[in-house]
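Written below as structure tokens is the structure these notes are about.
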Amino acid sequence: MSAKKSNKTKKPKRVYLADKYVCNYISEELFNSEVSKRELGRLHGIHQHVVGKIIQENGYKIPFSTISTICFNRGLKLSNFLRAVEKKYGQKLDDSYFEIQTK
0 MSAKKSNKTK KPKRVYLADK YVCNYISEEL FNSEVSKREL GRLHGIHQHV
50 VGKIIQENGY KIPFSTISTI CFNRGLKLSN FLRAVEKKYG QKLDDSYFEI
100 QTK
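All residue numbers for the sequence shown refer to numbering that gives the first Met the number 0, where the first residue is 0 and numbers rise by one.
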């Protein structure tokens, strides 16, 4: 059998600004930058690789279940969390997005 290389180029992924700002809020307000990713994951009920994605400059397409898990482990109500994000980034929260190239 011969191995064929795929000439397909990967489509860029969309990251919505709302996702970016939710990740920024979590990173800036809930995560302690002096704690390891592993420990942050343990404290917030998520995997350390998810912590790494959240703290990236542009965040990532964060699932609502991840937000819910973080809020649960921090003892936050989802409504209070979303209100705080809206208070901090209100004018910037819309349906805009940017595209990033994947590896």
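Built from N, CA and C at the ideal position, the CB exists for glycine as well.
Bridge-paired residues (DSSP) for residue i
| i | result |
| --- | --- |
| Ile99 | Lys12 |
Nearest-angstrom beta carbon gap, residue j and residue i [assumed within contact, 8 Å]
| i | j | result |
| --- | --- | --- |
| His43 | Asn72 | 5 Å |
| Gly40 | Val50 | 5 Å |
| Ile53 | Ile99 | Between Ile99 and Ile53 the Cβ distance is about 15 Å, and since that is not below 8 Å, they are no contact. |
| Val14 | Tyr88 | Going by Cβ atoms, the distance from Val14 to Tyr88 rounds to 15 Å, so no, they are not a contact pair. |
| Lys86 | Tyr20 | So it is not a contact: roughly 11 Å between Cβ atoms. |
| Ile69 | Leu16 | Actually they are not in contact, since the Cβ atoms of Ile69 and Leu16 sit about 19 Å apart, beyond 8 Å. |
| Lys36 | Thr101 | At roughly 21 Å, the Cβ-Cβ gap does not stay under 8 Å, so Lys36 and Thr101 are not in contact. |
Neighbour-count burial assignment, residue i, 16 or more Cβ in a 10 Å radius
| i | result |
| --- | --- |
| Thr65 | buried |
| Val34 | exposed |
| Lys76 | exposed |
| Asp18 | buried |
| Asn79 | exposed |
| Asn23 | buried |
> Can you give, in chain order, each stretch of the beta strand (DSSP E) that sits fully within the segment 10-80 and has at least 3 residues?
Replying inline: 12-15
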